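Numbered per our numbering, the sequence shown spans residues 132 to 418. Each residue gets a CB set at the ideal place from its N, CA and C atoms; glycine is no exception. Treat the numbers as computed from the prediction; the structure is a model and nothing was measured. Each remark here refers to the structure printed beneath this line.
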Amino acid sequence: MIGIVAVSHSARLGEAALELALQMVQGGGVRVQVAAGAGVDGDGTPILGTDAVAVAAAIDELAADCDGVLVLMDLGSAVLSAELALELRASDVPVRLVPAPFVEGLLAAVVSAAAGGGLDAVAAEATAALGAKTGQLGVPDDAAPSPDAEPTSGVAEDGGPTGEEIVRRVRVRNPLGIHARPAALIAEASAGADVRLRRLPDGPDAPAASLSRLLILGARQGEELELVARGPEADAVLEKLSALFDDGFGEGTDEAAPTAAAAASGSTAPLSDAPAPVIASGAVLRG
Numbered sequence: 132m133i134g135i136v137a138v139s140h141s142a143r144l145g146e147a148a149l150e151l152a153l154q155m156v157q158g159g160g161v162r163v164q165v166a167a168g169a170g171v172d173g174d175g176t177p178i179l180g181t182d183a184v185a186v187a188a189a190i191d192e193l194a195a196d197c198d199g200v201l202v203l204m205d206l207g208s209a210v211l212s213a214e215l216a217l218e219l220r221a222s223d224v225p226v227r228l229v230p231a232p233f234v235e236g237l238l239a240a241v242v243s244a245a246a247g248g249g250l251d252a253v254a255a256e257a258t259a260a261l262g263a264k265t266g267q268l269g270v271p272d273d274a275a276p277s278p279d280a281e282p283t284s285g286v287a288e289d290g291g292p293t294g295e296e297i298v299r300r301v302r303v304r305n306p307l308g309i310h311a312r313p314a315a316l317i318a319e320a321s322a323g324a325d326v327r328l329r330r331l332p333d334g335p336d337a338p339a340a341s342l343s344r345l346l347i348l349g350a351r352q353g354e355e356l357e358l359v360a361r362g363p364e365a366d367a368v369l370e371k372l373s374a375l376f377d378d379g380f381g382e383g384t385d386e387a388a389p390t391a392a393a394a395a396s397g398s399t400a401p402l403s404d405a406p407a408p409v410i411a412s413g414a415v416l417r418g
């Protein structure tokens, strides 16, 4: 399991980003700590800043049951605090600081970690998290990972004893298409198998374990996708994925166009409860 530490100048920002990210994973299986803000002043007003001791404490807490820890930072002194935390921590678990966008990176990292990705895969997903947005806006994505860095589900290359591929076609039925929440459900359901999705008839393809690459597919309602799975659990995984598509990912299959508000939010599902963040006191670096 890979743990994630989110370092932010603002406790409110850290909590909100975590709440958004945890909407994307229903089955749990991911550990996230927030080290945010620099305490409060005499009037109880939150102080903006970052705390290296809080970051180190969050890393050490995750190290107890995680194989590695990924650290995301918002800006400025958050990077300095994270670097200092590496010297202050008591644990020796592998830690990776990533130059990822804070909100998008946290969301992508949480989904990848929940799907069982290793530290390299989770770091690659977080770093490439802006790919979906830059793709939609037609901006070249210089941060996109190379094919060698694509996240995997941990299945051996031969796909199991025979290496046989199983292929199935599905149709996108939910009004908003493959946005963040359906992409996260696809990644979660694909755990245990090597699965790729291709937009038909001749669109791009993407690994099911990669939230950012699934979003770049741009699959909309009514379009067909080809699912190709390998591994001992391939057939069972394709059954789960087909059921998700048939159900519209819990968003319905109404052919009517989504409302402007729903399209802007990218999701029609309610918010889920997020755990309380870790905010510790100590030496503070003000932003």
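Distance from the CA of Lys264 to the CA of Val368, rounded to the nearest whole angstrom, comes to 28 Å. Segment contact: the segment 221–233 against the segment 164–171, fewer than three CB-CB distances shorter than 8 Å; contact not assigned. Judged by DSSP secondary structure, Pro338 falls within the beta strand (DSSP E) whose first and last residues are 336–338. In this structure Val298 is exposed. Its beta-carbon is surrounded by fewer than 16 other beta-carbon atoms within 10 angstroms. Here DSSP, grouped into helix, strand and coil, assigns Leu307 to coil. Short of 6 Å from the beta carbon of Val186, and not among the five residues preceding or following it, lie these beta carbons of its own chain, in chain order: Val138, Ala166, Ser212, Ala213, Ala216.
Collapsing the DSSP output to three states places Thr384 in coil. Within its own chain, the residues whose Cβ lies closer than 7 Å to the Cβ of Leu219, once the five positions on either side in sequence are excluded, are Ala183, Val184, Ala187, listed in chain order.
For Leu375, the enclosing alpha helix (DSSP H) has its first and last residue at 365–377.
In this structure, Ser222 lies near Asp191, with their beta-carbon atoms less than 8 Å apart.
The C-beta of Gly173 has fewer than 16 other C-beta atoms within 10 Å across all chains shown, which makes the residue exposed. Ser139 carries a strand assignment under DSSP once its states are collapsed to helix, strand and coil. Taking all protein chains in view, the Cβ of Glu295 is surrounded by fewer than 16 other Cβ atoms within 10 Å, so the residue is classified as exposed.
Contact check for Asp196 and Met132: beta-carbon distance about 7 Å, within the 8 Å limit, so the pair qualifies. Under the 10 Å beta carbon count, Thr176 is surrounded by fewer than 16 other beta carbons and is classified as exposed. Residue state for Leu261 is assigned as coil, using DSSP reduced to three classes.
In the three-state reduction of the DSSP assignment, Ile317 falls in the helix class, which pools H, G and I.
Shown here for Arg302: same chain residues with a beta carbon closer than 6 Å to its own, the five before and five after excluded, namely Glu355 in chain order. Residue environment for Asp205: buried (at least 16 other C-beta atoms within 10 angstroms of its C-beta).
Per DSSP, reduced to three states, the secondary structure at Gly175 is coil, with no helix or strand assignment. Of the residues assessed, Glu319 falls on the buried side of the cut-off, its CB having 16 or more other CB atoms within 10 angstroms. Ranked by Cα distance from Asp377, the first of Ser243, Val161, Ile317, Gln164 is Ile317. Just so you know, the alpha carbons of Gln164 and Leu193 end up roughly 8 Å apart.
Judged by DSSP secondary structure, Asp191 falls within the alpha helix (DSSP H) whose first and last residues are 183–194. DSSP places Leu153 within a helical segment (H, G or I) once states are collapsed to three.
Checking the DSSP bridge columns, you'll see Glu355 partnered with Arg302.
With respect to the 8 Å criterion, Arg304 and Thr181 are not classified as neighbours on the basis of their beta carbons.
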